[in-house]
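Take 195 as the starting number for the sequence shown in the numbering used here and just add one per residue. Backbone N, C-alpha and C define an ideal beta-carbon position, used for all residues, glycine too. Computed from a predicted structure; not experimentally measured. Each remark here refers to the structure printed beneath this line.
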Amino acid sequence: MWFDQVMDLESTAASPAETRAELTRLSARGYTQLRHVLVQLPDRDGPRASTLARLLHERKHRPLLLYILLLTCWPWLSDRRDPLEGAVWIRALTAKGAPTWSPSTLSRSWAELAELGLISKPEKREGRLMRPTPRREDAGADYEVPGGRRDRWNAYFALPDEFWTDELFAKLSLPALVMLLLVAKETNGKDEVWLTYENAEEWYGIKPKSAQNGLTELQKLGILHRRTQVVKAPLSGHGQTVRMWYSLTGPYGHQSRAALQQRAAKERRKRLRREARAEVSTPKELE
């Protein structure tokens with residue numbers, strides 16, 4: 195009887211997939227907003243490498259996933275009365291093929307994000323719970339929602355919720371995850387981007403071998419398409435050279451992500467109109 199009761203409790207507990215579905219549902223956008231400065235700093239006269247390059251160099255796979263999930267949840271989590279329990283974060287990040295998670299790895303990942311300047315941790319816990327607050331993607335300022343701002347510090351790209359709900363996060367190595375975000379950033383306003391392995395280091399601080407490995411992995415998974423273009427090169431021995439153009443496919447493609455953002459903007463306008471009508475129709479209290 196005791197065993198049956200335990201089994202009943204386990205069967206009614208939310209699964210990792212159900213937890214991820216609920217976290218993304220509450221965000222109500224269909225995507226996560228990630229600033230371009232996560233991938234590349236905007237000052238052309240200064241260093242271009244940003245957070246992604248550092249996380250890759252220091253092999254911070256878990257912290258990167260945790261940070262992205264925090265930003266995914268932030269639209270509703272920022273207003274939530276109570277912090278999420280550690281078990282919720284662990285369950286949401288648990289999937290076949292993903293890095294393994296435990297209370298100790300979760301705690302260490304929060305600590306590493308704080309050291310990187312990507313979150314702020316309160317001095318005091320709320321009971322046994324900790325309420326992390328994200329900082330801007332380049333670790334240079336407190337976090338604010340990008341909103342409709344398009345300046346170089348607030349321009350953002352969309353990462354579809356399928357990244358979580360289809361468990362892509364669990365299938366990618368760290369180099370592949372980094373290159374997914376890099377190509378997503380560069381195709382935010384266009385279908386494809388020209389890129390060489392050598393330019394990946396100059397422009398983003400990503401080593402050529404890491405760029406090659408990440409792009410190859412994405413191609414094998416069917417998430418990335420590579421187009422070869424032969425162009426004239428008068429100073430080349432063969433008189434021509436080859437350019438590689440990269441685009442993301444499915445829900446990660448430029449057109450799909452643009453449609454997501456347009457749909458979210460339309461829903462937001464509808465919500466604001468409803469709120470405005472409700473405010474007008476609500477009688478004011480007598481003074």
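Assumed close pair residue i, residue j - CB separation to whole angstroms, cut-off 8 Å
i: I262; j: T226; result: 6 Å
i: G280; j: P297; result: 6 Å
i: A458; j: R223; result: 5 Å
i: R325; j: P277; result: 4 Å
i: Y440; j: V387; result: 6 Å
i: L376; j: V233; result: 5 Å
i: Q413; j: V424; result: Rounded, the Cβ-Cβ distance is 19 Å, inconsistent with contact.
Residue i vs residue j beta-carbon contact at 8 Å
i: T245; j: A305; result: no
i: A405; j: A394; result: yes
i: S301; j: W270; result: no
i: R242; j: P340; result: no
i: A289; j: A364; result: yes
i: R329; j: I313; result: yes
i: M438; j: G408; result: no
i: R256; j: P210; result: no
i: L146; j: S303; result: Any question about residue 146 goes unanswered here, given that the chain covers just 195 to 481.
i: L265; j: L258; result: no
i: P402; j: E411; result: no
i: P316; j: P445; result: no
i: L371; j: R253; result: no
i: A247; j: I417; result: no
i: W397; j: V231; result: no
i: A352; j: R471; result: no
i: W295; j: I284; result: yes
i: A143; j: L217; result: Outside the shown range of the chain, which is 195 to 481, sits residue 143, and nothing can be said about it.
i: D385; j: H432; result: no
i: H419; j: T443; result: yes
i: T422; j: A215; result: no
Local conformation of residue i per DSSP, three classes
i: V372; result: helix
i: R468; result: helix
i: I284; result: helix
i: S272; result: coil
i: A349; result: coil
i: P326; result: coil
i: H432; result: coil
i: S404; result: helix
i: L454; result: helix
i: T381; result: coil
i: V387; result: strand
i: P445; result: helix
i: R343; result: coil
i: Y398; result: helix
i: L412; result: helix
i: L278; result: coil
i: L418; result: strand
i: E481; result: Note that E481 scores a pLDDT of 43, beneath 50, so its modelled location is shaky; the value from the coordinates is reported in the next line. It is coil, neither helix nor strand.
i: N393; result: helix
Per DSSP, cross-strand counterpart(s) of residue i
i: W358; result: DSSP, once it has assigned bridges, lists no residue as partnering W358.
i: V425; result: T435
i: D336; result: R329
Any chain C beta carbon closer than 8 Å to residue i
i: T266; result: Note that chain C does not occur in the displayed structure, where there is just one protein chain.
**Request:** Report the residue ranges of all alpha helix (DSSP H) runs contained in full by the segment 195-262; include only those spanning at least 4 residues, in chain order.
**Result:** Listed in chain order, they are 196-205, 210-221 and 245-251.
**Request:** Ignoring anything shorter than 4 residues or poking outside the segment 284-314, list the alpha helix (DSSP H) runs there in chain order.
**Result:** DSSP runs (the alpha helix (DSSP H)) wholly in the segment 284-314: 297-309.
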